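To start, the structure itself, in structure tokens.
Numbering (the working numbering), first residue to last: 34 to 384.
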């Protein structure tokens with residue numbers, strides 16, 4: 034709270050005393066009596082927040098101490114592992130049995146042919162009835178059987194059928210958000226800019242057209258971010274812009290040059306600070322539009338920024354020279370015409 038510079042009545046109901054202190058939080062002015070009451074009221078609200086925090090913290094600690102939170106998931110994985118092992122063992126045993134059957138059948142055929150040949154040889158010796166031709170035939174049969182014995186195992190190979198999935202791969206599906214809200218706010222106006230709605234809305238407040246800027250609160254030094262906002266122009270022929278600027282850049286309203294210190298896009302589709310990467314062949318996107326809803330992407334790790342236009346579905350990207358615009362970055366919006374405005378819709382970090 035700060036001392037009020039003029040005599041303003043106390044804003045409490047039915048109080049006719051002069052207000053002496055203004056609350057910077059609610060912008061109301063209170064007399065001495067109601068200052069105490071107001072502080073007591075805020076203290077009571079703080080107690081409620083602390084109680085809610087302690088209760089939630091206790092719940093989190095209790096959940097951390099319970100193994101049941103993830104035990105059922107681990108049991109599912111264990112069951113999948115055992116079932117997969119059983120399927121693999123069953124398939125392996127089936128193939129082993131198939132090999133034994135095939136080899137056994139081939140050996141049986143070879144044994145039968147050897148037995149038949151032995152009978153022919155005995156009879157030929159007993160009858161003394163054979164000539165050179167018979168010897169060549171019996172020799173050829175023996176060579177063939179020797180070759181067949183060698184082929185019994187060497188002619189077989191074990192192959193995998195890629196069209197039949199023996200074990201399905203498991204994966205984790207989760208409803209946990211892949212984003213972290215970062216609560217971006219507009220907090221630093223340069224020129225006649227009014228910031229309202231808890232830092233979510235900024236609009237040009239001047240009586241005439243002039244260069245004005247507003248800078249975001251959050252600092253972007255690593256990771257990837259998406260910031261959604263709406264730009265509203267009073268005159269379609271004039272321009273606004275959305276940019277990034279280094280935290281260390283010094284800005285003055287009438288001396289600052291966007292092209293030298295920032296990167297981004299003007300609402301007439303011109304670029305600021307760099308040349309676009311070749312993503313979209315359509316040159317025209319925001320030009321002549323009074324309202325544009327934009328998803329602004331910041332990739333600190335790869336030194337890139339980009340945007341997605343919700344209406345046209347066009348995308349743009351550009352590389353950032355860290356020598357010209359070193360990390361950390363901050364958001365920067367340029368408003369030129371009276372009543373030009375920008376409104377933040379959401380801001381999040383990709384996990």
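For each residue, glycine too, the CB sits at the ideal point set by N, CA and C. Just so it is clear, the structure is predicted and the values come from calculations on it, not from any experiment.
Between the Cα of residue i and the Cα atoms of the options, which residue gives the shortest distance?
i           : options               : result
residue 242 : 372, 86 and 65        : 372
residue 320 : 365, 270 and 277      : 270
residue 107 : 54, 205 and 184       : 205
residue 358 : 306, 80 and 197       : 306
residue 58  : 49, 50 and 71         : 71
residue 293 : 202, 340 and 354      : 354
residue 378 : 216, 122, 45 and 367  : 216
residue 118 : 133, 199, 272 and 187 : 199
residue 169 : 150, 184, 185 and 182 : 150
residue 340 : 300, 368 and 175      : 300
residue 141 : 79, 62 and 182        : 182
I need the DSSP call for residue i, collapsed to helix, strand or coil.
i           : result
residue 35  : Bear in mind that the predicted position of residue 35 carries a pLDDT of just 45, short of 50, making it unreliable; the figure below should be weighed with that in mind. Correct three-state label for residue 35: strand.
residue 155 : helix
residue 218 : coil
residue 175 : helix
residue 324 : strand
residue 211 : coil
residue 359 : coil
residue 383 : strand
residue 124 : helix
residue 309 : strand
residue 40  : strand
residue 22  : What the structure shows of the chain is the stretch from 34 to 384, and residue 22 is not part of that stretch, so it cannot be assessed.
residue 374 : strand
residue 89  : helix
residue 105 : helix
residue 45  : coil
residue 332 : strand
residue 62  : strand
residue 345 : coil
residue 304 : strand
residue 192 : coil
residue 119 : helix
residue 136 : helix
Can you tell me where the beta strand (DSSP E) with residue i in it begins and where it stops?
i           : result
residue 339 : 337-342
residue 367 : 362-368
residue 350 : 348-352
residue 52  : 51-55
If I'm right that residue i touches residue j with Cβ under 8 Å, what's the distance once you round it to whole angstroms?
i           : j           : result
residue 2   : residue 330 : An answer regarding residue 2 cannot be provided, because it is not within the stretch 34 to 384 covered by the chain.
residue 363 : residue 256 : No, residue 363 and residue 256 are not in contact; Cβ-Cβ is about 15 Å, not under 8 Å.
residue 235 : residue 375 : 5 Å
residue 336 : residue 352 : 6 Å
residue 219 : residue 232 : 5 Å
residue 360 : residue 333 : 6 Å
residue 297 : residue 275 : 5 Å
residue 62  : residue 41  : 5 Å
Nearest chain B C-beta to residue i closer than 9 Å, yes or no?
i           : result
residue 230 : You won't find chain B in this structure, because it holds only one protein chain.
**Report entry** Contiguous alpha helix (DSSP H) assignments of at least 4 residues, all confined to the segment 224-301
**Finding:** The segment 224-301 contains these whole alpha helix (DSSP H) runs: 291-294.
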